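Protein chains: 2
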Amino acid sequence: MLEWVEKEKKGMNVNNDSIEGQAGDNEKVNGLSSLYTERAKGMHASVIREICKLIARPEVRSMAGGWPDPQTFPAAKIAEIAAELFTEKPESVLQYGTSEGYEFLREELARFVKRRDGIDVAVDEIVLTHGSTQGIELAARILLEPGDVAFVGLPTYFGGSETCAGYGAELVGVPLDDYGMIPEALGERLEEAVSAGKRPKLVYVIPDYQNPTGATMPVERRRAMVELANRYNIAIIEDNPYRDLCFTGKPLPPIKAFDTEGRVVYLRSFSKIFCPGFRLAMAIGETDMVRKMVIARQFEDCCVNSFGQYLLYEFVKRGHIDEQIEINARFYKEKRDHLLALLDEHFPDTVRWNRPEGGFFVFVHMGEGFDSEEFLHEAVDQNVAFVAGPPFFIDDSGRDTFRLSFAQLGMSEMEEAVAVLGRLLKEKTK
Amino acid sequence: MLEWVEKEKKGMNVNNDSIEGQAGDNEKVNGLSSLYTERAKGMHASVIREICKLIARPEVRSMAGGWPDPQTFPAAKIAEIAAELFTEKPESVLQYGTSEGYEFLREELARFVKRRDGIDVAVDEIVLTHGSTQGIELAARILLEPGDVAFVGLPTYFGGSETCAGYGAELVGVPLDDYGMIPEALGERLEEAVSAGKRPKLVYVIPDYQNPTGATMPVERRRAMVELANRYNIAIIEDNPYRDLCFTGKPLPPIKAFDTEGRVVYLRSFSKIFCPGFRLAMAIGETDMVRKMVIARQFEDCCVNSFGQYLLYEFVKRGHIDEQIEINARFYKEKRDHLLALLDEHFPDTVRWNRPEGGFFVFVHMGEGFDSEEFLHEAVDQNVAFVAGPPFFIDDSGRDTFRLSFAQLGMSEMEEAVAVLGRLLKEKTK
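So the sequence lines, in the order shown, correspond to chains A and B.
Take 1123 as the starting number for the first sequence in our numbering and just add one per residue.
Take 1123 as the starting number for the second sequence in our numbering and just add one per residue.
Printed below as a string of structure tokens:
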């Protein structure tokens, strides 16, 4: 749902309702629209809200959102810890917290990161954020001035690119292949930007089970990203919400593990391995950058909710998080296998898709001439939803692609949904 | 504590540690400091953190923060509702939410606002925010461009003024008297700004039990504020976290009640009447403005934590909130009475302070030549803390003032603290 609402910003080819309340700058009207900043005026109200409402109907099988399956939520353990917290320390868990996040939690999370990612992180290099969304936002706020250049994947999660654009950055797309963002392509674009007298500031990248492509970046590429960042004096925003949902073996080290000059801001979310309901994530970065993020967040939301922080602390300290990661990885692997089998069965032979080694997403390529947004409307008419490709491409390409999430639907619902999509595709490609 | 960390931005006359990591724009250094925006470079790291650490020591009696007394937290009721929620709908309360906030919650809150403030609010005129801090932030983001003029009280809560400054607004101070912001003074400054070819955009105002002065604005002034906003085509950000903590009779109608053209963004927090631990607040505004805030927040934090929203819904629906408001108002009235009696007893006769009719704060005026920041250091040495005046004044005046909160300390601790302050003041004014 969230992503659907976000998608509105990309403005699909549907008439939008941003006309209402518009007025010239010096004209008095009811409401505040004549006072909006230029950027706010450009924010379009929900053109997609009708589809959004359709998806909210219980009969719709949605493969759209990046929402986890509620079956994975460790509700019993959360309930147990919550009962203890409300009884034993209500004065703390119901009170304001510190802007960095509680020190004891950051200490516990430093151990978690050491254990899972193999990197040493000091407590002062961690700030709790209200979802990784806030991590992206804070980093962009500190690094981006109008006209700065931000590099993003083609395609990439639109939350990252839109946030950078929101601070006035010029977005430059960097192509991806089956192994994620291509460092050579990034290098060329950096060189072009510098030659053109522009100021490159950061690259936003999702190295593990990328959103939307599902691609995993090999170690050499991770290292190459850091080398480019060092050479061109830019930051890397490493958004990595899915890395623990690794279906075979162990996840590769994060890009942060190769960071030699403190250039990587590494965002690690608990939404997919714990639950999204408390908006818990952390940003890991060099001490001074983290300190800036802490100060900036004072005027954004003060602090992450204390109850969630205490809950996460207990959940991690008691070792539940590591068990939960195992459970979730197995769970989503089964779902991926199921989806891949269904695609083999139902989709036309001409269609291509990837086999993600983790995460939530399969990315489908239809081939020249296909219109995924038109297809989406047809699918929604048949009570099936997904995300069409264009919002993931800052150059509005990718019309022949769409993203399927295997995370949220149950097995039989997924079967029904894929059967519908397969039938529609076969009719279209006949 | 929060405010102490914020206070660092005002830069007390202590050497600060922002030197570290500074470098010219084109110079490569470890870390990202050469990439910071001009504004981020101006964010000072904690000069006050040592005092902050002192305050964190259990022996310090702090009258500094605007934190509620944990005794008021309805922990048993929260625990009961939480247990039900985790059992009955874990799939919802642990999942992502919508960016506006749940519709059923906004419906319930519309009834709450009707009941308590006497105003009719539609569901689409409400957005849940992560504390009123986020409400200020979102409004500022949508309304303020560099060079726009924002009017704030002299004094005012620095969260409001700093957030506006963070968007590049020019801040103009408007004097307060015992009845809050003076509309005539605002009118003069609006006229001056317009005459100087500037673009006034908003006034940030706290009409009830103002922070830091404790002053309450009479009805005529509220109406006059709206008239000025209409005449000069500006917005009013009405920050009203304390209004339900009314010690005698009923609170006056909010400024929003007099809003004829949809110009007031009314921020209503649950931190002081429920608890701060879930960061729950709402912003009420004209539909289009609220829609912009919803879109903007998509890229800031996506949504307020779902668990907190469900909890608040049940707490309000079951009528607990109204009981809790009664309890809290009585509780803080006793504390206010206690503080006022202690001030009478311990403070020198030459000192002036107000008698707030609600909220958390008493504001002390010492008179010409007094240095409240020096006094703060002396008090902290004696294990007592408060907030010195200057951070509340954008023109750095108010050196002879300080703010005492009666909210957080227990009765006997408060007595000890005021006795210490009284002794120090008598020594100083001898």
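All C-beta atoms in this analysis are idealised placements derived from N, C-alpha and C, irrespective of residue type, glycine included.
Source: prediction; values computed, not measured.
For a contact defined as C-beta to C-beta under 9 Å, what are the partners of residue i on chain E?
i	result
E1313 (chain A)	In the structure shown, chain E cannot be found, because the protein chains are A and B.
Between residue i and residue j, what straight-line distance do the alpha-carbon atoms span, to the nearest angstrom?
i	j	result
N1152 (chain A)	Y1331 (chain A)	47 Å
R1344 (chain A)	P1376 (chain A)	8 Å
P1398 (chain A)	T1255 (chain A)	12 Å
R1525 (chain B)	S1214 (chain A)	24 Å
Q1446 (chain B)	S1534 (chain B)	24 Å
E1128 (chain B)	D1410 (chain B)	In this prediction, E1128 (chain B) has a pLDDT of 40, which is less than 50 and means its spatial position is unreliable; what the coordinates show is noted afterwards. Roughly 31 Å separates the two Cα atoms.
F1195 (chain B)	E1259 (chain B)	27 Å
R1556 (chain A)	Q1504 (chain B)	The structure shown does not extend to residue 1556 (chain A), since chain A is modelled only from 1123 through 1552, so no value can be given for it.
E1314 (chain A)	V1348 (chain A)	18 Å
L1157 (chain A)	D1270 (chain B)	10 Å
G1302 (chain B)	L1374 (chain B)	13 Å
A1307 (chain A)	D1361 (chain A)	20 Å
D1299 (chain A)	N1333 (chain B)	55 Å
L1276 (chain A)	A1346 (chain B)	53 Å
L1560 (chain B)	L1531 (chain A)	The question about residue 1560 (chain B) has no answer here: the residues shown for chain B are numbered 1123 through 1552.
P1268 (chain A)	A1507 (chain A)	36 Å
K1163 (chain B)	S1155 (chain B)	8 Å
Could you tell me whether the Cβ of residue i comes closer than 7 Å to any Cβ of chain B?
i	result
Q1530 (chain A)	no
I1264 (chain A)	yes
Q1504 (chain A)	no
E1500 (chain A)	no
M1536 (chain A)	no
G1489 (chain A)	no
Y1158 (chain A)	yes
F1208 (chain A)	yes
N1152 (chain A)	yes
G1481 (chain A)	no
M1347 (chain A)	no
If I'm right that residue i touches residue j with Cβ under 8 Å, what's the distance once you round it to whole angstroms?
i	j	result
E1247 (chain B)	V1412 (chain B)	6 Å
V1387 (chain B)	I1356 (chain B)	Not confirmed; about 12 Å, so no contact.
Y1354 (chain B)	K1394 (chain B)	At roughly 32 Å, the Cβ-Cβ gap does not stay under 8 Å, so Y1354 (chain B) and K1394 (chain B) are not in contact.
Q1431 (chain B)	Y1224 (chain B)	5 Å
H1468 (chain B)	A1541 (chain B)	5 Å
V1601 (chain A)	E1222 (chain A)	For chain A, the structure presents residues 1123 to 1552; residue 1601 (chain A) sits outside this window and is missing.
F1485 (chain A)	S1527 (chain A)	Not quite, the Cβ-Cβ distance comes to about 10 Å (not below 8 Å), so this is no contact.
V1327 (chain B)	I1516 (chain B)	V1327 (chain B) to I1516 (chain B), Cβ: 14 Å. No contact.
S1494 (chain A)	R1521 (chain A)	6 Å
T1278 (chain A)	A1262 (chain A)	At roughly 14 Å, the Cβ-Cβ gap does not stay under 8 Å, so T1278 (chain A) and A1262 (chain A) are not in contact.
L1367 (chain B)	G1480 (chain B)	5 Å
A1291 (chain A)	L1312 (chain A)	Contact flag wrong, Cβ pair sits at about 14 Å.
Can you have a look at residue i and say buried or exposed, based on whether 16 or more other CB atoms are within 10 angstroms of its CB?
i	result
K1552 (chain A)	exposed
E1310 (chain A)	exposed
V1341 (chain B)	exposed
P1553 (chain B)	Limits of chain B in this structure are 1123 at one end and 1552 at the other, which puts residue 1553 (chain B) out of reach.
Q1193 (chain B)	exposed
E1422 (chain A)	buried
T1472 (chain A)	exposed
R1183 (chain B)	buried
E1408 (chain A)	buried
F1226 (chain A)	exposed
P1513 (chain A)	buried
R1477 (chain A)	exposed
P1297 (chain A)	exposed
D1456 (chain B)	Checking the sequence, you will find Glu at residue 1456 (chain B) rather than Asp. The residue is exposed, with fewer than 16 neighbouring Cβ atoms inside 10 Å.
E1405 (chain B)	Sequence check: residue 1405 (chain B) is Ala here, not Glu. By the neighbour-count rule (16 or more Cβ atoms within 10 Å), A1405 (chain B) is buried.
For chain A, check one thing: does any of its Cβ atoms lie closer than 7 Å to the Cβ of residue i?
i	result
K1323 (chain B)	yes
L1216 (chain B)	yes
M1533 (chain B)	no
A1553 (chain B)	Residue 1553 (chain B) cannot be examined here, being either before or after the span of chain B that is shown, 1123 to 1552.
E1181 (chain B)	no
S1155 (chain B)	yes
E1306 (chain B)	no
E1383 (chain B)	yes
Checklist entry - Between the region 1396–1416 of chain B and chain A, which residues of the former have CB atoms less than 7 Å from a CB of the latter, in chain order? => result Within the region 1396–1416 of chain B, the residues whose Cβ lies closer than 7 Å to some Cβ of chain A are C1397, P1398, G1399, F1400, R1401, E1408, D1410, M1411, R1413 and K1414, listed in chain order.
Checklist entry - Listed from N- to C-terminal order along the chain, which residues in the region 1280–1297 of chain B have their beta-carbon within a distance smaller than 8 Å of any beta-carbon of chain A? => result So the list reads G1281, E1284, T1285 and G1288, given in the order they occur along the chain.
Checklist entry - If you measure beta-carbon to beta-carbon, which residues of the region 1423–1450 of chain A are closer than 8 Å to chain B? => result Taking 8 Å as the Cβ-Cβ cut-off against chain B, the residues of the region 1423–1450 of chain A that qualify are D1423, C1424, C1425, V1426, N1427, S1428, F1429 and G1430.
Item to check | Contact list for the region 1236–1256 of chain A against chain B, Cβ threshold 9 Å | outcome: Of all residues in the region 1236–1256 of chain A, T1251, H1252, G1253, T1255 and Q1256 have a Cβ within less than 9 Å of some Cβ in chain B.
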